[in-house]
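S.K.:
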Amino acid sequence: AQWAHASLPGVKQAILDDHDLMRRWRHDIHANPELGFEERRTCDLVAKLLKSWGVEVAVGAVGGPTAVVGVLHGRTASERCMGLRADMDGLPISEQSTTSYRSRNDGVHHGCGHDGHTTMLLAAAKYLASTRD
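Residue numbers (the numbering used here): 6 to 138.
1) Going by other Cβ atoms of all chains shown within 10 Å of its Cβ, with 16 needed for buried, is residue 66 buried or exposed?
2) Can you check DSSP and say which residues form a bridge with residue 107?
3) Any chance the segment 96–114 sits against the segment 64–84, with 3 or more Cβ pairs inside 8 Å?
4) Please name the residue or residues paired with residue 155 in a DSSP beta bridge.
5) Go ahead and pull the three-state DSSP assignment for residue 97.
6) Could you say which of 31, 88, 136 lies nearest to residue 116 if we only look at CA atoms?
7) Expressed to the nearest angstrom, what Euclidean distance is found between the alpha-carbon atoms of residue 70 and residue 19?
8) Where do the N-terminal and C-terminal ends of the alpha helix (DSSP H) with residue 135 fall, by residue?
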C-alpha cells in the first residue's frame, strides 16, 4: 500500500501532535511493568489501541500467551509489507526512581527501555493506520 502522507514533515507533525498522548502511554506502561509472558495488562492495552485504529489484532500468537500481532492492511491489495517489533516485558528488579510514574509493581521495573519501545511502535502504528490509502 502507498502511504498517503508519509513525508518527513508529516511524520514530524504527527509526533508533535501526539507527544502528550505518547508520554501518557509510556508513563502508564512504565508504572505497570510485568515480567515476560505475564504482560497481560500491557497486552490488553496494546491490543485495545491497535483495534481502535482499525488494526487487525491476534493475541497469543507465535506461542506467547501475551504476544500481540497487529496487521494493518492498505486499502488496495499489495504484496509489499513491513514488520515492526517491540518487547513489552519488565525486569525482575526494584525501581529506585522517585518519579510520579515509577513502578507500582514491587520488584518489577522497566529498566531496559521496553516501555519506550512499546510506545514508539504504538505511535508508528497509529500514524500508519491514519495515513494508509
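Note that beta-carbon positions come from the ideal geometry of N, C-alpha and C, so glycine has one too.
M.R.: In brief:
1) Exposed, since its Cβ has fewer than 16 Cβ neighbours within 10 Å.
2) DSSP output for residue 107 lists no bridge partner at all.
3) no
4) Outside the displayed span of the chain (6 to 138) sits residue 155, for which this structure offers no information.
5) coil
6) 31
7) 32 Å
8) DSSP places residue 135 in the uninterrupted alpha helix (DSSP H) bounded by 119–136.
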